[in-house]
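Each remark here refers to the structure printed beneath this line.
Number of protein chains: 2
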Amino acid sequence: MESWKPPSAPAVRQRRPRGLVQEIVNSLAASIREGVIKPGDKLPTESEIMSRFEVSRTVVREALSKLQANGLVETRHGIGTFALNLPDTSNFKISGCDFSTLADVIALLELRISLETEAAGLAAQRRTDANLAAMETALKAFSDAIEQDSEAVPSDFAFHMEVSRATGNRHFADLMTYLGTMIIPRTRIDTSSSAPEGRLKYLQQAHGDHENIFIAIRNQDADAARAAMRTSRRRSSRDTSRNGGLISSMYLS
Amino acid sequence: MESWKPPSAPAVRQRRPRGLVQEIVNSLAASIREGVIKPGDKLPTESEIMSRFEVSRTVVREALSKLQANGLVETRHGIGTFALNLPDTSNFKISGCDFSTLADVIALLELRISLETEAAGLAAQRRTDANLAAMETALKAFSDAIEQDSEAVPSDFAFHMEVSRATGNRHFADLMTYLGTMIIPRTRIDTSSSAPEGRLKYLQQAHGDHENIFIAIRNQDADAARAAMRTSRRRSSRDTSRNGGLISSMYLS
DNA sequence: ACCCATTTGTCCGTATGTATA
DNA sequence: ATATACATACGGACAAATGGG
């Protein structure tokens, strides 16, 4: 096993981030973002890319197809492919190809948890009694879900959303909603398979983290709230990177 | 002319909207949007689509690839392709009316600085020498701008952007860019009017803050970097709320 | 107007790997 | 463990659009 010999010797290729297509997408996207290929410039022809990366045309075309779908390039029949990427500052959007590798997902998760850390601090200073009550409800729902072995994600997310809301700053909740909808749908994987007892342990730990966060916010201790959230973060990303493809843990930060 | 006989008789095909791929994308997208294929349903297998539209597998795969990129379907390895149709949560956007009151602007600024606080912590752990050099350049440009009484905003923003870049996580820089373009244009107010000597003092203080942040990042001290950024934030928001409409200070966090 | 080279678009066929039931 | 269906990759062929000679 683990040989994968191509018919016509492609020299070396040490890494395989997740297939040849992704390799080319990453490379070209980087070139565009870093300005090596400026907006309006013509990309190399498909044949050139083929020989440069030593891949077949199928791969090149799939890569260009993804870049098109993500609005980075536009291709004109008989002419070539051109970079677009007008610094679209009019809205913050995370393109679909940012979920292709595990590293991408972790990067996104890191952003989300950084936000949550600060949100926890602000929430500790400003939370209302109504916020506390909502958090407690979500916390209860979460622990019930653990016991009944049912879906824990919704109540988990509800807790995190309530922390964001408790900042009193609508933008925190808005951004969290956005990041949540971007991340959660990609985590269809397992959640119930591949380690029933490990999962239970993980969820209980997450619940413990949540309670610490809740207590700190209730006590209006901003530093403790941030620290608790950060602790939760550290565990989560450690687990995520360790188990490679087991992404289920990610959205249970 | 106008014969185009394919090897194995394809019956009719009157229009070609812009390629076979687009034809299939349109057809499937319509099916999903009109509810012929409901969310969660399995789409026909690739082979079925091939024979139904009389196209090759290549075309089918490219069509499905575009539907994936547009978030309309999700395909699970070894199982099939499934309709999603959770339309639109597709981007995070701050609407223009969020700048109507001072409170709105402060809320936005708070989001930005929360982000920067965490970014500073990550930057301290990951900064490269190139990052440090770029920060130093921006710092120098900022102090020059203070002395010459010229526009200090660009170099200030450059410094903050470089901190975001030093996280090594592209999404931090992206979000900062977005928030920057949203906030800066709204701060046309004064910057040179309404308190020439107070402004100088303020800018010098900001420069001092920046240097503290820089030193902490250079020393790879994450806690100190966050603390320095937070100190900067506290001064900034105190000034901003005190002087009511004098918003100029805000973007010099 | 014609042809030609270039480049993208479409198609075919095949082979191997991998995930699911 | 086998069968199914998708994932990835290769290669060759021709069609169609474009722009220049």
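Protein chains in written order, with this note's numbering: chain R, 1 to 253; chain X, 1001 to 1253. Using N, Cα and C, we set each Cβ at its ideal position, and we do this for glycine too. All of these numbers come straight from a predicted model, not from anything done at the bench.
Simplified DSSP assignment, three categories, for residue i
| i | result |
| --- | --- |
| VAL126 (chain R) | One detail in the question is off: residue 126 (chain R) reads as Arg in this sequence, not Val. Of the three classes helix, strand and coil, the one that applies to ARG126 (chain R) here is helix, per DSSP. |
| THR1081 (chain X) | strand |
| LEU1020 (chain X) | helix |
| LYS1254 (chain X) | With chain X covering only 1001 through 1253, there is no way to say anything about residue 1254 (chain X). |
| LYS140 (chain R) | helix |
| GLU1110 (chain X) | helix |
| VAL1105 (chain X) | helix |
| LYS1042 (chain X) | strand |
| GLU1074 (chain X) | strand |
| ARG234 (chain R) | helix |
Residue i versus residue j - alpha carbon distance
| i | j | result |
| --- | --- | --- |
| ALA1152 (chain X) | LEU1111 (chain X) | 22 Å |
| ARG1230 (chain X) | TYR1178 (chain X) | 21 Å |
| MET1 (chain R) | THR75 (chain R) | In this prediction, MET1 (chain R) scores a pLDDT of 35, lower than 50, which makes its location untrustworthy; the coordinate-derived value is nonetheless stated afterwards. Taking the straight line from one Cα to the other gives about 39 Å. |
| LYS1038 (chain X) | GLU1136 (chain X) | 56 Å |
| GLY71 (chain R) | ILE94 (chain R) | 12 Å |
| ALA83 (chain R) | GLU54 (chain R) | 22 Å |
| ASP209 (chain R) | SER1164 (chain X) | 28 Å |
| ALA216 (chain R) | ASP223 (chain R) | 8 Å |
| LEU20 (chain R) | MET161 (chain R) | 38 Å |
| ARG1226 (chain X) | ASP104 (chain R) | 24 Å |
| ASP144 (chain R) | GLU211 (chain R) | 14 Å |
| ASP1221 (chain X) | ILE79 (chain R) | 52 Å |
| SER1150 (chain X) | LEU1203 (chain X) | 12 Å |
| GLU1046 (chain X) | THR1081 (chain X) | 9 Å |
| HIS1171 (chain X) | GLU1116 (chain X) | 12 Å |
| GLY1121 (chain X) | ILE1213 (chain X) | 10 Å |
| ILE24 (chain R) | LEU1102 (chain X) | 46 Å |
| LEU109 (chain R) | MET1176 (chain X) | 16 Å |
| ASP1174 (chain X) | ARG1052 (chain X) | 43 Å |
| MET1050 (chain X) | GLY180 (chain R) | 36 Å |
| ALA124 (chain R) | ARG1234 (chain X) | 16 Å |
| ALA119 (chain R) | GLN148 (chain R) | 30 Å |
| ILE1183 (chain X) | ASN1169 (chain X) | 22 Å |
| VAL36 (chain R) | ASP1129 (chain X) | 21 Å |
With 16 other Cβ atoms within 10 Å as the buried cut-off, status of residue i
| i | result |
| --- | --- |
| THR58 (chain R) | exposed |
| HIS1077 (chain X) | exposed |
| GLU1298 (chain X) | Here chain X comprises residues numbered 1001 to 1253, so residue 1298 (chain X) is not present and cannot be evaluated. |
| ARG188 (chain R) | Low local confidence applies: a pLDDT of 44 at ARG188 (chain R) is under 50, so the model's placement there is unreliable, with the coordinate-based value given in what follows. Exposed. |
| ASN1026 (chain X) | exposed |
| GLU1062 (chain X) | buried |
| LEU1200 (chain X) | exposed |
| SER232 (chain R) | buried |
| SER1065 (chain X) | buried |
| VAL1060 (chain X) | buried |
| GLU1048 (chain X) | exposed |
| GLN22 (chain R) | buried |
| ARG1127 (chain X) | buried |
| VAL73 (chain R) | buried |
Whole-angstrom C-beta distance between residue j and residue i, which should lie under 8 Å
| i | j | result |
| --- | --- | --- |
| PHE1159 (chain X) | LEU1139 (chain X) | 6 Å |
| SER1155 (chain X) | ALA1141 (chain X) | 4 Å |
| ALA29 (chain R) | LEU67 (chain R) | 7 Å |
| HIS207 (chain R) | ILE146 (chain R) | 6 Å |
| ASN85 (chain R) | ILE32 (chain R) | 5 Å |
| ASN1219 (chain X) | ALA1166 (chain X) | Actually they do not touch by this definition, with Cβ atoms about 13 Å apart. |
| ALA69 (chain R) | ALA1069 (chain X) | 3 Å |
beta-carbon residue i near the ligand HEM non-hydrogen atom, thresh 8 Å
| i | result |
| --- | --- |
| GLU1062 (chain X) | The ligand HEM is not part of this structure, which contains no ligands at all. |
message: Using a Cβ-Cβ cutoff of 9 Å, what residues of the segment 140-173 of chain R are near chain X? List them in chain order.
response: THR167, GLY168, ASN169, ARG170, HIS171, PHE172
message: So if I threshold CB-CB distances at 8 Å, which residues from the segment 1199-1229 of chain X count as touching chain R?
response: none
- request: Anything in the segment 1108-1125 of chain X with a Cβ closer than 9 Å to a Cβ of chain R? List those residues in chain order, please.
  value: LEU1108, GLU1110, LEU1111, ILE1113, SER1114, LEU1115, THR1117, GLU1118, ALA1119, GLY1121, LEU1122
- request: Determine which residues of the segment 45-71 of chain R have a Cβ less than 9 Å from any Cβ of chain X, and write them out in chain order.
  value: THR58, ARG61, GLU62, SER65, LYS66, GLN68, ALA69, ASN70
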